[in-house]
Amino acid sequence: LFVTTKIWPDNYASDDFARAVDERLALLDCGMLDLLLLHWPPGAVSMAEAVAALNKAKQAGLARHIGISNFTVAQVEEAVGLSVEPLVCNQIEYHPLINQDKVRAACARHGLAVTAYCPIARNKVADEPVIRDIAQRHDASPAQIALAWLAGHGDVISIPRSSRPERLADNLKALEVSLNDDEMAKISALKARNMRLVDPEGVRPEWDKA
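Take any residue in the sequence shown, count from 1 to its spot, add 81: that is its number in our numbering.
Written out as structure tokens, the structure is:
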């Protein structure tokens, strides 16, 4: 079991952050988180204050690892420069239908893993003929092909969301699918769609241009 939680930007001020972490620990009934993330880039609070609060939580023994989520290239660079403790990941929307090349490269430069949420694009991958054809050849579902494509990158961790045991089992079967270079390339070409599905007003940054 690996426990991760994220703190919302409203709680990035130092005192609010500490209180929010304590509340999460109580809710999850655990003494330490495996991973604590800034859910979105800071708005009202400076990047320096938000990153300092995140570092303080780790140094206080409340989290084994810390990271960021939904950060752009510039924000990755800034956060890494401010953080005393290593940032281990940037959790971003990533699936075959969005171009995240720039932020992935920034993460690689600084040793951050990329964690892919929304990895099957709310099942919109099933609407793509290329993915459906590859799925048929592998006797797999389009969702499994999308997850296999992400796994094929070697530096991406997918976190498909499901509470149904049968769906969880199907997702794990994606690890049994091995895509060849041609299939990986054909799926990668779909990033030209640049379809962003998670874009909430009030917290979204100015996204990197594709």
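Ideal Cβ placement from N, Cα and C applies to all residues, glycine included. Computed from a prediction, not measured in an experiment: that's the story for all the values here.
{"Asked": "Distance between aspartate 97 and isoleucine 295 (C-alpha atoms, nearest Å)", "Found": "It is not possible to answer for residue 295, since the shown part of the chain is limited to 82 through 291."}
{"Asked": "Alpha carbon of proline 281 to alpha carbon of methionine 265, nearest angstrom", "Found": "30 angstroms"}
{"Asked": "Cβ-based neighbour list, alanine 131, same chain, cut-off 7 angstroms, excluding 5 preceding and 5 following", "Found": "Tyr93, Leu119, Pro123"}
{"Asked": "Cβ neighbours of asparagine 275 in the same chain (closer than 7 angstroms, five flanking residues each side left out)", "Found": "Ile179, Asn180, Ala291"}
{"Asked": "For valine 206 and alanine 221, believed in contact at Cβ under 8 angstroms, the rounded distance", "Found": "Not confirmed; about 12 angstroms, so no contact."}
{"Asked": "Close-in-space but distant-in-sequence residues of the same chain around lysine 267 (CB under 6 angstroms, 5 per side omitted)", "Found": "Val211"}
{"Asked": "Distance, aspartate 91 Cα to proline 200 Cα", "Found": "26 angstroms"}
{"Asked": "Supposed close pair phenylalanine 271, glutamate 209 - CB separation, criterion 8 angstroms", "Found": "In the sequence under discussion, the amino acid at residue 271 is leucine, which differs from the phenylalanine named in the question. 6 angstroms between Cβ atoms; contact."}
{"Asked": "Complete beta strand (DSSP E) runs within the stretch 214-257 (minimum length 3 residues, chain order)", "Found": "237-239"}
{"Asked": "Cβ shell of glycine 283 (< 7 angstroms), same chain only, five flanking positions each side left out", "Found": "none"}
{"Asked": "Nonlocal neighbours in the same chain, by C-beta distance under 7 angstroms from alanine 187, ignoring five residues either side", "Found": "Val154, Val157, Glu158"}
{"Asked": "Closest Cα partner of leucine 295 within the set Ile238, Ala197, Thr85", "Found": "With the chain covering 82 to 291 only, the question about residue 295 has no answer from this structure."}
{"Asked": "Three-state secondary structure (DSSP) of glutamate 209", "Found": "coil"}
{"Asked": "In DSSP terms, what alanine 197 is bridged to", "Found": "Ile173, Ser239"}
{"Asked": "C-beta contact flag for asparagine 136 and valine 165 at 8 angstroms", "Found": "yes"}
{"Asked": "Three-state secondary structure assigned by DSSP to leucine 114", "Found": "strand"}
{"Asked": "Buried or exposed by the 16-neighbour rule on C-beta atoms within 10 Å, applied to phenylalanine 152", "Found": "buried"}
{"Asked": "8 angstroms contact criterion, which leucine 228 and alanine 189 should meet: CB distance rounded", "Found": "That pair is no contact at about 21 angstroms."}
{"Asked": "Supposed close pair leucine 163, isoleucine 149 - CB separation, criterion 8 angstroms", "Found": "The Cβ separation is near 11 angstroms, so there is no contact."}
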